[in-house]
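Colleague:
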Amino acid sequence: MARGLSRRAVVAALPLTAVAFSPPGAARAAAPGLSLSGKFVQGGYAIGHTAPRAVIDVDGPARTTASANGWFVIGFDRDAPPTSTLTVTTPDGSAEDRRTIAPGDFDIQRIDGLPPEQVTPTDPALLARLEAEGLRKQAGFASQADLEGFREGFVPPVLGARRSARFGGQRILNGEPKRPHYGVDLAVPVGTPVRAPASGLICFAETGLHYEGGLVLIDHGQGLVTAYLHLSKILVSPGTYVRQGQLMAESGKEGRATGPHVCWRMKWRGRNLDPSLLVGEGPFRA
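Going by mature numbering (1 follows the signal peptide of the UniProt record, and there is no 0), the letters in the sequence shown line up with residues -20 to -1, 1 to 266, in that order.
#1: Could you check what DSSP says for residue 272 in three-state terms: helix, strand or coil?
#2: Would you mind sorting P137 into buried or exposed? The rule is 16 or more other CB atoms within 10 Å of its CB.
#3: Taking the Cβ atom as the reference point for each residue, do Y25 and G55 lie within a distance shorter than 8 angstroms?
#4: Output the boundary residues of the beta strand (DSSP E) element that contains F264.
#5: Buried or exposed for A60, please, with buried defined as at least 16 other CB atoms from any protein chain shown within 10 angstroms of its CB.
#6: DSSP beta-bridge partners for P157?
#7: Output the distance between the C-alpha atoms of residue 269 and E186, rounded to the nearest integer angstrom.
#8: Run through the DSSP bridge pairs and tell me what L94 is partnered with.
#9: On a CA-only basis, which of G155, L94, S179 is nearest G239? Give me that one, please.
#10: When DSSP builds the beta bridges, which residues end up paired with S17?
#11: Provide the residue(s) that pair with R143 in DSSP beta bridges, ordered along the chain.
#12: With 16 as the cutoff for other CB atoms within 10 Å, does E111 come out buried or exposed?
#13: P173 lies in the beta strand (DSSP E); which residues open and close that run?
#14: Which same chain residues, not among the five before or five after Y162, have their C-beta less than 6 angstroms away from its C-beta?
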């Protein structure tokens, strides 16, 4: 769109939810096109298309950059506020999208019979170990690969599973309230194949972790990272690329687990998302 168009013409060229703006007195610049779709709910997501390498701001500090093809992904935390504002900026202009975020429907889950050190660790050596493990996991979750695996849509990581816990439930462990459960628990026998639900980069893969047992993290692009906990065997290495459906691990009951299952989690830039909301969605096209 050429420079010098009226504000009315610029706004008319955008989706109904988008608003073009520029500083008072400044020359009117062409706002980037913006399309957005997803699940606008606590724990949900949105996948958008705009100008290549546009800067994306979400509610202030959560910033990402669109791919070379103009694709981007954002997430809404389990405790997201009731509204969210997304701003797309290019050298030629900006566009804004404001959305209402629906409240989530979260359970209360009670788990008893766990060893005390799995609930509230006190041993100094264990605390030091947990700190070291936490730093390594934090580095994995900080991955921001320049990929578009999220565009494929997602398939379940295991087949024939019974969902034994939903995302976001408040957990009470041995009678002690803890932070919400940020995963979807998929109950399957030990040794069940675990496959990549969408293509991406392996950004963490370790066994023997105190809480998670075997843990694999996949960055599906721009910091949309999925996690797979309690694995008995890991068949991939950090830095390798996996395609949707590729075998990467076997399920187990390692770490803090009362039975065999895979805990499936998803994060975007520190926000906790419900991975099951992406199953069956996509592929996303402009």
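Note that the Cβ used here is the ideal one computed from N, Cα and C, for glycine as well. All values derive from a computational prediction rather than experimental measurement.
Modeller: The answer reads as follows:
#1: Within the shown structure, residues of the chain are numbered from -20 to 266, placing residue 272 beyond reach of any answer.
#2: For the purposes of this step, residue 137 is taken as the residue at position 157 of the sequence shown. Buried: at least 16 other Cβ atoms inside 10 Å.
#3: Here residue 25 refers to the residue found at position 45 of the sequence shown. Here residue 55 refers to the residue found at position 75 of the sequence shown. Cβ atoms of Y25 and G55: closer than 8 angstroms.
#4: Taking the sequence shown and counting its residues from 1, one reaches residue 264 at position 284. Neither: F264 is in no beta strand (DSSP E) and is coded neither H nor E.
#5: Here residue 60 is taken as the residue at index 80 of the sequence shown, counted from 1. A60 should be labelled buried.
#6: As a first step, residue 157 must be located in the sequence shown, where it is residue number 177. DSSP, once it has assigned bridges, lists I152 as partnering P157.
#7: A query on residue 269 cannot be resolved here, the shown segment of the chain reaching from -20 to 266 and no further.
#8: The residue you call residue 94 lines up with position 114 of the sequence shown. For L94, which the question treats as bridged, DSSP gives no partner whatsoever.
#9: Here residue 239 refers to the residue found at position 259 of the sequence shown. Cα-wise, what sits closest to G239 is L94.
#10: If you number the sequence shown from 1, residue 17 lands on position 37. According to DSSP, S17 bridges with I27.
#11: Start at 1 with the first residue of the sequence shown, and residue 143 comes out as number 163. Note: R143 sits in a beta bridge opposite L166.
#12: Indexing the sequence shown from 1 puts residue 111 at position 131. When all chains shown are included, E111 counts as exposed.
#13: The residue labelled residue 173 in the question sits at position 193 within the sequence shown. P173 -> beta strand (DSSP E) spans 173 to 175.
#14: For the purposes of this step, residue 162 is taken as residue 182 along the sequence shown, with counting starting at 1. Counting only Cβ-Cβ distances below 6 angstroms, and skipping sequence neighbours, we find R245, N252.
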